[in-house]
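Taking it in order: structure first as structure tokens, then the write-up.
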Amino acid sequence: MYEERPALLDGAVLWTRTAGPATDAVRPVLPDGCMDLIWADGHLLVAGPDTRAYVPGEFAARYAGIRFAPGDAPGFFGVPAHELRDRRVALGALWGETEARRLGERITGAPDPAAALDELVRLRAAGAPAPDPLLRAVVARLAAGRAVAETADAVGIGARQLHRRSLDAFGYGPKTLARVLRLQRALALVLAGVPYAEAAVRAGCVDQAHLARETRALAGMTLGAYVASVESVGESVESANSETPEPSGSRTTA
């Protein structure tokens with residue numbers, strides 16, 4: 276069963292997942308511009324920003340995760356996002372094995388591990404650098420479909436500086452982030468029942484063929500295959516009467 280709700284940390288999402296009948300129907304995690312801190316059966320790990328679809332491998336019985344808003348996680352973890360691009364790493368590699376083990380044991384021993392993780396992130400974030408409002412403005416504009424050059428002008432920095440700051444904040448340049456966010460807009464429209472061609476144009480693609488190419492490049496599958504994978508999870512969920520399919524950003528681990 277998968278569930279999510281707003282986290283205590285502004286802009287973040289708290290998600291949980293427990294093993295169930297729909298486990299075998301888990302679909303690939305698509306790029307979304309986010310990073311996650313994940314508790315998986317007592318272990319803490321970090322999911323870096325993806326540039327391609329990630330297919331979960333090994334599974335834990337219980338997961339809890341905090342999905343940070345794009346650009347917010349590097350200050351929390353103390354490492355530039357590009358160093359974690361397309362990676363899943365143990366938290367101990369960033370904060371030290373002793374500290375990571377201590378935090379993992381605290382969360383595991385709590386009556387509600389998800390709530391404990393949520394509170395831990397809130398408290399640790401209070402001592403970390405605050406999210407950069409300029410980068411949040413960049414995300415907001417790109418998520419709304421604005422062009423990269425127009426976004427750079429709007430926030431008052433040059434293209435090279437925007438690229439450099441984007442690598443540290445998002446793990447890749449603003450053009451890649453714009454593509455990722457555009458794909459997320461398009462897929463949300465498709466899953467809402469909007470025809471492919473209309474969804475493509477509304478999301479900012481030139482046409483349906485453009486969206487199809489972007490889906491293959493970033494999701495590793497065709498539009499039809501993606502929709503079918505979502506529907507297959509939904510069918511498994513419905514038969515279980517208790518499961519909810521993961522959105523494209525949920526980061527179970529391998």
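In our numbering, the protein residues as written are 276 to 529.
The C-beta atom is built at its ideal place from N, Cα and C for all residues, glycine as well.
Since we're looking at a predicted model, the values are computed, not measured.
Checklist line | CB-CB length for LEU442 against GLY448, believed under 8 Å | finding: 6 Å
Check: Between the stretch 480 to 489 and the stretch 465 to 472, do at least 3 Cβ pairs fall closer than 8 Å?
Finding: Output reads yes: the stretch 465 to 472 touches the stretch 480 to 489.
Item checked: Among ALA422, ASP393, VAL505, nearest to GLY286 - alpha-carbon criterion -> Comparing Cα positions, the closest option is ASP393.
Next item on the list: Kindly list the residues whose CB is nearer than 7 Å to the CB of PHE445, restricted to its own chain and excluding five residues on each side of it in sequence; keep chain order.
Entry: GLY308, PRO324, PRO345, GLY346, ALA356, LEU452
Checklist line | Assigned exposure category for VAL396 - 16 Cβ within 10 Å defines buried | finding: That one is buried.
Margin query: On the DSSP letters alone, give me the boundaries of the beta strand (DSSP E) that VAL465 sits inside.
Written below: Counting along the chain, VAL465 falls outside any beta strand (DSSP E), though it belongs to the alpha helix (DSSP H) covering 449 to 466.
Check: So, THR426 versus ARG416, is the Cβ gap smaller than 8 Å?
Finding: yes
Notebook entry, point to check: What residues match up with PHE343 in a beta bridge as DSSP calls it?
Noted result: DSSP, once it has assigned bridges, lists MET310 as partnering PHE343.
Next item on the list: Taking 8 Å as the cut-off, decide whether the C-beta atoms of ILE313 and TYR338 are in contact.
Entry: yes
Check: Which full runs of the alpha helix (DSSP H) of 4+ residues lie inside the stretch 366 to 427, going along the chain?
Finding: 367 to 370, 372 to 384, 388 to 401, 408 to 418
Check: Exposed or buried, which one is VAL304 when buried takes at least 16 other CB atoms within 10 Å?
Finding: When all chains shown are included, VAL304 counts as buried.
Notebook entry, point to check: How would you write the range of the alpha helix (DSSP H) that PRO349 sits in, first residue to last?
Noted result: Under the DSSP assignment, PRO349 falls in the alpha helix (DSSP H) whose first and last residues are 348 to 352.
Note to self: Is the separation between the beta-carbon of LEU319 and that of LEU378 shorter than 8 Å?
What the structure shows: A contact, by the Cβ cut-off of 8 Å.
Margin query: Going by the DSSP bridge assignment, what does PRO281 pair with across the sheet?
Written below: VAL288
Margin query: Just to confirm my understanding: we take ARG360, look at its own chain, exclude 5 residues before and 5 after, and list those with CB closer than 6 Å. What are they?
Written below: GLY323, PRO324, GLY446
Check: Between ALA403 and GLY350, is the Cβ-Cβ spacing less than 8 Å?
Finding: yes
Notebook entry, point to check: Ordered along the chain, which non-local residues of its own chain (more than five positions away) have a Cβ less than 7 Å from that of LEU464?
Noted result: Excluding positions up to five away in sequence, the list reads ALA474, ARG477, ALA478.
Next item on the list: Determine which residues share a DSSP beta bridge with ARG363 and list them.
Entry: ALA322
Next item on the list: Pick helix, strand or coil for THR490, following the three-state DSSP scheme.
Entry: Reduced to three states, the DSSP call for THR490 is helix.
Notebook entry, point to check: Going by beta carbon distance, what residues of the same chain come within less than 6 Å of ALA385, once the five residues before and after it are set aside?
Noted result: ALA391
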